[in-house]
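Heads up: the structure comes next, in structure tokens.
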Amino acid sequence: MLLPLKPAMKIVISKMYAVAKFDIFFVFLFFKANFSCSSDNFCERLFSKTEYHYLDVPHFGTTTVNDELACVFQCLRSQRCLSVNMATSEEANGNLWCELLSSVKDRNVKEFKENKSSHHFSIMSTCPSSRCHNRGTCLLNDIGNDPFECLCEEGYVGKDCNTAPFDPGCLHVPCLLHSLNLNQLVTLHFDSKAISIYCHTGDFGCGDGAWTPVMKIDGSKSTFHYSSSYWTDKIEYSVLGGATRFDSLETKLPTYWNTPFSKICLGMKIGQQLNFIVIERQADSLYSLIADGQYRNTSLGREKWKLLIGSQASLQYHCDKEGFNAVCSWSKTSKARIGILSNNEDLCSSCDSRIGFGTGGTPNDSNTCGNSAVYLPDNGNKLIKAMGYILVQ
């Protein structure tokens, strides 16, 4: 349902022109309401319409509307919105579904496909022609104070695409150089050794930006059990697994100990179901948070951790000790290098349930990634072994 417009808002809309199947709408809003625009107190947006196309990326919101302009207005009301998908035909109640997206087709060329059941609208760039150098493409940006960003041609990086990439041997944030390009394999050099890793870009479930892979863990295997030395050393494991996406190949990459970050993306795959959550945490590396064995708490909450598993997730009702190197006081009970532990008592002593990565202990010591729960958990006893993915940004 559309929110009512405030009386203090004046809206002027005009359809500027149409060429074949490509329409452009100009939307001008002068307002005194709480919209997030420039300090000049107005927004100007050009929307391009591509008929019978669908941008197949995760949406952050969906609603029903009466017409195209109503869908566009919903996008304007959100700082996150950069484009929308809208149904071509009405539902039984006469409304059209409208999906709000935080990404654009320029960043997701392979996901922008013909689809007879939808039209796609995207905010067009209105930035200065001189903004992006070396044939870079200017895009609207919903993050930070700068309303624009540059999609650089291969061979150039930087805010304005005016810098050639630095030596790949000078590793800082591996996938940062490719944050405005499509998902791709990137060859990096670690101590003179070349390794190919798959840089994940776009919002696959953890938000936009470039994500650098660190580990992939098979919960049915003991490779990355809580007690494994891989958590405390600087030794890689099966680096070929770093060159593939969200599959079943385990890996530990040199990015575990030499890549700084401010966010951690955690994913679990159970069958064909893939879910993600994000931890906001600044650190020199994942190694620096885990290798010393010291407990470091997080504050996501039990419901957020359960999103990794989905509707089958189950935890006991108390304790909820979460973070890095989470261990309960009884040595044989549940533990997790990254995750949450719960108990059927307030004390975190005999924890019998967990969701996490690099896990071990009762009730099932062989489950190294996923969900284990017994003794009165909130959704029944569970033994769910998942494929886990850890990426950083």
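For what it's worth, our numbering labels the leading residue of the sequence shown as 1181, then goes sequentially.
Even for Gly, the Cβ is constructed at its ideal location relative to N, Cα and C.
Bear in mind the structure is a predicted one, so any value in this text is a computation, not a measurement.
Start and end residues, alpha helix (DSSP H) containing residue i
i               : result
lysine 1484     : 1482-1486
tryptophan 1391 : Where tryptophan 1391 is concerned, there is no enclosing alpha helix (DSSP H), although the beta strand (DSSP E) it sits in stretches over 1390-1398.
serine 1491     : Taken as a continuous stretch (DSSP letters only), serine 1491 belongs to no alpha helix (DSSP H), as it is neither H nor E.
leucine 1466    : 1466-1470
Where residue i falls, given that 16 or more other Cβ within 10 Å makes a residue buried
i              : result
glycine 1568   : buried
aspartate 1579 : No answer is possible for residue 1579: it lies beyond the span of the chain, which begins at 1181 and ends at 1573.
glutamate 1460 : exposed
glycine 1274   : exposed
glycine 1503   : buried
valine 1289    : exposed
alanine 1272   : exposed
proline 1543   : buried
glutamate 1483 : exposed
glutamate 1279 : buried
leucine 1420   : exposed
glycine 1560   : exposed
arginine 1534  : buried
glutamine 1254 : buried
aspartate 1532 : buried
lysine 1373    : exposed
histidine 1299 : buried
threonine 1268 : exposed
leucine 1556   : exposed
histidine 1498 : exposed
serine 1442    : exposed
threonine 1242 : exposed
glutamine 1496 : buried
Distance between residue j and residue i (C-alpha atoms, nearest Å)
i                  : j                  : result
aspartate 1558     : serine 1282        : 34 Å
glutamate 1248     : methionine 1266    : 8 Å
aspartate 1500     : aspartate 1545     : 19 Å
glycine 1481       : leucine 1469       : 19 Å
serine 1604        : cysteine 1386      : In this structure the chain extends from 1181 to 1573, so residue 1604 is not present and cannot be described.
phenylalanine 1537 : lysine 1515        : 9 Å
tryptophan 1277    : aspartate 1526     : 46 Å
leucine 1563       : leucine 1262       : 40 Å
isoleucine 1518    : glutamate 1294     : 41 Å
valine 1554        : serine 1407        : 22 Å
serine 1228        : glycine 1389       : 23 Å
glycine 1473       : lysine 1414        : 15 Å
glutamate 1270     : aspartate 1236     : 20 Å
arginine 1257      : phenylalanine 1426 : 34 Å
arginine 1287      : histidine 1233     : 15 Å
glycine 1540       : leucine 1521       : 11 Å
glycine 1447       : phenylalanine 1404 : 16 Å
threonine 1439     : alanine 1471       : 14 Å
serine 1479        : lysine 1285        : 35 Å
threonine 1230     : proline 1238       : 19 Å
threonine 1412     : isoleucine 1397    : 16 Å
Own chain partners of residue i with C-beta closer than 8 Å, once the 5 adjacent residues on each side are dropped
i              : result
serine 1529    : Cys1508, Ser1509, Trp1510, Thr1513 and Asn1523
lysine 1401    : Glu1430 and Thr1548
glycine 1490   : Ile1450, Gln1453 and Asn1455
aspartate 1340 : Arg1311, Cys1312, His1313, Gly1316 and Cys1330
arginine 1476  : Leu1469, Gly1503, Phe1504 and Asn1505
Chain-order list of residues whose beta-carbon lies under 7 Å from that of residue i (same chain, five-residue window excluded)
i              : result
leucine 1487   : Asn1455 and Ile1457
alanine 1151   : Residue 1151 cannot be examined here, being either before or after the span of the chain that is shown, 1181 to 1573.
glutamate 1291 : Leu1235, Asp1236 and Val1237
serine 1428    : Asp1398 and Met1567
Endpoints, beta strand (DSSP E) assigned at residue i
i               : result
cysteine 1132   : With the chain running from 1181 to 1573 in the structure shown, residue 1132 is simply not present.
serine 1552     : 1549-1553
tyrosine 1378   : 1373-1381
leucine 1235    : 1233-1235
serine 1263     : 1263-1267
leucine 1281    : 1276-1281
isoleucine 1570 : 1567-1572
lysine 1293     : 1292-1294
glycine 1241    : 1241-1245
Spatial neighbours of residue i in its chain, beta-carbon cut-off 6 Å, leaving aside the 5 residues before and after
i               : result
proline 1434    : Phe1370 and Glu1416
tryptophan 1391 : His1380, Cys1445, Leu1571 and Gln1573
tyrosine 1436   : Val1394, Leu1466 and Tyr1467
serine 1376     : Leu1365, Thr1367 and Ala1423
alanine 1463    : Leu1469
lysine 1432     : Met1395, Tyr1410, Glu1416 and Tyr1417
glycine 1399    : Asn1547, Thr1548, Cys1549, Gly1550, Lys1565 and Ala1566
serine 1251     : Strictly speaking, residue 1251 in this sequence is cysteine, with serine absent from that position. Closer than 6 Å at the Cβ level, and outside the excluded window around cysteine 1251, lie Val1245, Val1264, Met1266 and Cys1278.
lysine 1296     : Tyr1232
Any C-beta of chain D under 8 Å from that of residue i
i            : result
proline 1557 : Looking for chain D here will not work: only one protein chain is present.
Any non-hydrogen atom of the ligand NAD closer than 7 Å to residue i Cβ
i             : result
cysteine 1355 : With respect to the ligand NAD, the structure shown offers nothing to examine, as it has no ligands at all.
I'd like the ranges of any alpha helix (DSSP H) spanning at least 4 consecutive residues and lying wholly in the region 1430-1460. For secondary structure counted as the alpha helix (DSSP H) over 4 or more consecutive residues, the region 1430-1460 holds these complete runs in sequence order: 1435-1438.
So within the region 1493-1534, which uninterrupted beta strand (DSSP E) runs reach at least 3 residues, ignoring any that extend past its ends? Assignment of beta strand (DSSP E) within the region 1493-1534, counting only whole runs of 3 or more residues, yields 1498-1507 and 1515-1523 in chain order.
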